[in-house]
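Numbering (this note's numbering), first residue to last: 90 to 281. These notes are about the structure you will find just below.
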Amino acid sequence: MGDIETLQNKILGKVQATGEAKVQELQKELSQALEDYKNRLNKQFEHDKENFIRKQEQQFEIRKQSLANELRNSELTHKQKLLEEIIQDVPNQLNHSIASDLNQMIQSAIQKLDTHQAFELKIGEKSRQFISDDQANELHATFDNMHWGENIAKKSGFILTQAGMNMNYLFEDVINELKPQLLIELEKQLKA
């Protein structure tokens with residue numbers, strides 16, 4: 090019986106040793122699988138974190154650019170409004186600054202016409218006050234083919250008309266023609 094017991098103990102020992110080896114091997118595999126899972130989880134977390142940060146940075150850049158555009162547009166609108174106000178007042182300033190020279194300007198413009206043919210002179214309502222009755226009579230006496238037209242409402246300067254052609258010296262119209270150039274010049278001065 091001793092041999093059977095010894096044999097049983099030997100078999101039991103081998104089974105136990107094999108079982109323990111298997112358990113250790115399975116524990117080792119399980120530990121490795123757990124370590125691999127933790128590594129994958131950490132990599133995924135880092136990847137997700139980087140994506141989140143990148144998206145936040147992109148959204149921040151988009152918002153920053155949007156705000157910069159809003160600021161630029163606001164500045165441009167403000168500048169444009171300021172420039173428009175400046176230009177809008179130019180005809181009045183021009184009208185008053187050349188008040189004493191208006192008669193001379195009219196005579197100079199008339200010299201460009203064929204004074205032997207009939208022509209018409211219309212004065213802007215805002216400039217009429219700067220031509221005295223004596224100057225008006227002198228113009229009419231000097232240029233006997235000249236006819237006085239009606240005053241042009243709410244305008245400064247004058248218009249000469251001959252043979253259906255208008256020579257427009259209305260300050261508002263001249264300034265509107267020059268407006269793009271004036272805006273560029275004023276913008277340069279604002280930047281300086």
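Ideal placement from N, C-alpha and C gives every residue a C-beta, glycine not left out.
Who are the Cβ neighbours of residue 274 in its own chain at under 6 Å, not counting the five residues just before and after it?
Result list for residue 274: empty, nothing under 6 Å.
Looking at the secondary structure, which residues open and close the alpha helix (DSSP H) in which residue 236 lies?
From DSSP, residue 236 is part of no alpha helix (DSSP H) but of the beta strand (DSSP E) over 235-237.
Check whether the stretch 155-164 touches the stretch 210-221, taking contact to mean three or more Cβ pairs, one atom from each stretch, closer than 8 Å.
Touching, no, given that fewer than three Cβ pairs across the two stretches are closer than 8 Å.
Who are the near neighbours of residue 172 in its chain, counting only those whose CB is closer than 6 Å to its CB and skipping five residues on each side?
Only 272 and 275 meet the Cβ criterion.
Looking at the unbroken alpha helix (DSSP H) that takes in residue 247, where does it start and where does it end?
From DSSP, residue 247 is part of no alpha helix (DSSP H) but of the beta strand (DSSP E) over 246-251.
May I ask which residues mark the beginning and end of the alpha helix (DSSP H) holding residue 277?
That run of the alpha helix (DSSP H) goes 260-280.
Which residues in the same chain as residue 47 place their Cβ atom closer than 6 Å to its Cβ, once the five residues preceding and following it in sequence are excluded?
Nothing in the structure corresponds to residue 47, since the chain is present only between 90 and 281.
Give the list of continuous alpha helix (DSSP H) stretches no shorter than 4 residues that lie fully inside the stretch 176-218.
Listed in chain order, they are 191-199.
Compare the beta carbon distance of residue 179 and residue 241 with 8 Å and say whether it is the shorter of the two.
In this structure, residue 241 does not lie closer than 8 Å to residue 179 by Cβ.
According to DSSP, is residue 241 helix, strand or coil?
Correct three-state label for residue 241: strand.
Output yes or no for whether 8 Å exceeds the beta carbon distance between residue 219 and residue 188.
Against a cut-off of 8 Å, the Cβ pair of residue 188 and residue 219 comes out as a contact.
Are residue 207 and residue 185 closer than 8 Å when you measure CB to CB?
Result no, Cβ atoms of residue 207 and residue 185 do not sit closer than 8 Å.
According to DSSP, which residues form a beta bridge with residue 255?
Per DSSP, 250.
Using a threshold of 8 Å, state whether the C-beta atoms of residue 170 and residue 279 are closer than that.
No, the Cβ-Cβ distance between residue 170 and residue 279 is not below 8 Å.
Can you tell me the Cα-Cα spacing of residue 195 and residue 260, whole angstroms?
Each residue's alpha carbon lies about 13 Å from the other.
DSSP on residue 151, reduced to helix/strand/coil?
Three-state DSSP puts residue 151 in a helix.
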